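J.: The structure that follows is given in the form of structure tokens.
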Amino acid sequence: MEKVFEIYIRTTPERLWEAITDGETRSKYQFGARITSEWTTGSRFEMSGPGNPGLLGEGENLEVDPPRRLVQTMVALWGDDVKSEGTSRITWEIEPVGDSCKLVVTHDQLRENANEQLYGGWPMILSGLKTWLETGELLTTPGSLMYL
Amino acid sequence: MTAITETNVTTQVYRVYIKAAPQAIWDAITMPEWTRRYGYGGNVEFDMRPEGAFRALTNEGMRAMGAGGRVHPPDLRDRRDQDCRRANH
Chain A
127 MEKVFEIYIR TTPERLWEAI TDGETRSKYQ FGARITSEWT TGSRFEMSGP
177 GNPGLLGEGE NLEVDPPRRL VQTMVALWGD DVKSEGTSRI TWEIEPVGDS
227 CKLVVTHDQL RENANEQLYG GWPMILSGLK TWLETGELLT TPGSLMYL
Chain U
-10 MTAITETNVT TQVYRVYIKA APQAIWDAIT MPEWTRRYGY GGNVEFDMRP
40 EGAFRALTNE GMRAMGAGGR VHPPDLRDRR DQDCRRANH
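Quick note, the sequences are listed as chains A and U, same order. Each residue of the first sequence is one higher than the one before, starting from 127 at the first, in our numbering. Each residue of the second sequence is one higher than the one before, starting from -10 at the first, in our numbering.
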């Protein structure tokens, strides 16, 4: 199963790349979860939340090509119901369009009828990313701060 | 009443979260001074009653390419009818 999410953000590819890969920034729009990695091809990444014991997720960076393309595997660890889903793949693609960027997030290698928790948060995450980059403000949607 | 059987119909759902009040988003969808600023930048005309007409007008770029005067997306009109009924309550 494959899920594709597209959003246009008024920013530069460099700023967008930094917002995706900087743990502090990432926590502002991804449910409070921090992400840490060396961001080299083949390196690992970990997602954690200050209010949550253990990791929320982890995976490998298959391709790291700043500021254009990032391909990652991910294992969700935030609950027993998602741990059993195994490994899926997330591809981030940044394309400049005029004074903005098109961001496409493809979440694939999901099993058929995969748990919606795995991919259901993307609209909220990407909306929060757009709001942060364009206005410097945080979205305070119900799930936005759940791991703080 | 005519029964319509739809086959091979796909539905695409787009979700976005916006830091704004419902009324501000409603205005941005229905008022031409807002619709000119996003999407394809065209004016809209809404007759804000159930079954009222909805028109999305072409923008200058479309007219320069020879596009026609008006389009009537039926799906938008259906959605608008529901929303208007809700708004009228």
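Think of the CB as a built atom: it goes at the ideal place given N, C-alpha and C, for glycine as much as any other residue. Keep in mind that this is a model prediction, so the values were computed, not measured.
1. By the criterion of Cβ-Cβ separation under 9 Å, what are the contact partners of A:T257 in chain U?
2. Give the secondary structure of U:K8 by DSSP, where H, G and I count as helix, E and B as strand, and everything else as coil.
3. Using a C-beta to C-beta distance shorter than 7 Å, which residues of chain U count as neighbours of A:M250?
4. Among the candidates A:L236, A:R136 and A:V208, whose CA atom is the shortest distance from the CA of A:E221?
5. Identify the residues that DSSP records as bridge partners of A:W218: which are they?
6. Inspect the beta-carbon positions of U:F43 and U:T19 and report whether they are closer than 7 Å.
7. Use the C-beta contact count for U:P63: other C-beta atoms within 10 angstroms, 16 or more gives buried, fewer gives exposed.
8. Can A:L203 and A:L188 be called in contact, C-beta distance under 7 Å?
9. Is the CB of A:L229 under 7 Å away from at least one CB in chain U?
10. Would you identify the three-state DSSP class for A:P139, choosing helix, strand or coil?
11. Could you tell me whether any Cβ in chain U is nearer than 7 Å to the Cβ of A:L236?
12. How many Å lie between U:V(-2) and A:E150 at the Cα?
13. Helix, strand or coil for A:T84, going by three-state DSSP, please let me know.
14. Is there a C-beta anywhere in chain U that falls below 7 Å from the one on A:T267?
15. In the region 139 to 198 of chain A, which residue ranges form an unbroken beta strand (DSSP E) of at least 3 residues, counting only runs that do not cross its ends?
16. Would you please verify whether the beta carbon of A:S174 is less than 7 Å from any beta carbon of chain U?
17. Would you mind reading off the limits of the alpha helix (DSSP H) that contains U:R52?
18. Looking at the structure shown, is A:S226 part of a helix, part of a strand, or coil, going by DSSP?
19. Can you tell which of A:G262, A:K256, A:V230 and A:S214 has its C-alpha closest to the C-alpha of A:E132?
20. Pick from A:G246, A:T267 and A:E242: whose alpha carbon is nearest that of A:N254?
21. Can you find the residues in the same chain that come closer than 8 Å, C-beta to C-beta, to A:W248, ignoring five residues on each side of it along the sequence?
22. Under a CB-based cut-off of 7 Å, is A:S68 close to chain U?
23. Which residue marks the beginning of the alpha helix (DSSP H) containing U:E34, and which one marks its end?
24. Measuring straight from C-alpha to C-alpha, what distance separates A:G183 and A:V201?
T.: Short version:
1. Y6, I7 and K8
2. coil
3. Y6
4. A:R136
5. A:L196 and A:V231
6. no
7. The predicted position of U:P63 is uncertain, since its pLDDT is 48 and thus under 50; a value taken from the coordinates is nonetheless stated next. Looking at its Cβ environment, which holds fewer than 16 other Cβ atoms inside 10 Å, U:P63 is exposed.
8. no
9. no
10. helix
11. no
12. 43 Å
13. Chain A is shown from 127 up to 274; residue 84 of chain A falls before or after that span and cannot be answered.
14. yes
15. 160 to 163, 170 to 175 and 178 to 191
16. no
17. E49 to A53
18. strand
19. A:V230
20. The identity of residue 254 of chain A in the sequence shown is Gly, whereas the question assumes Asn. Cα-wise, what sits closest to A:G254 is A:T267.
21. K129, F131, V231 and H233
22. One cannot answer for residue 68 of chain A here, as it falls past the ends of chain A, which runs 127 to 274.
23. Here U:E34 belongs to no alpha helix (DSSP H); instead the beta strand (DSSP E) covers V33 to F35.
24. 6 Å
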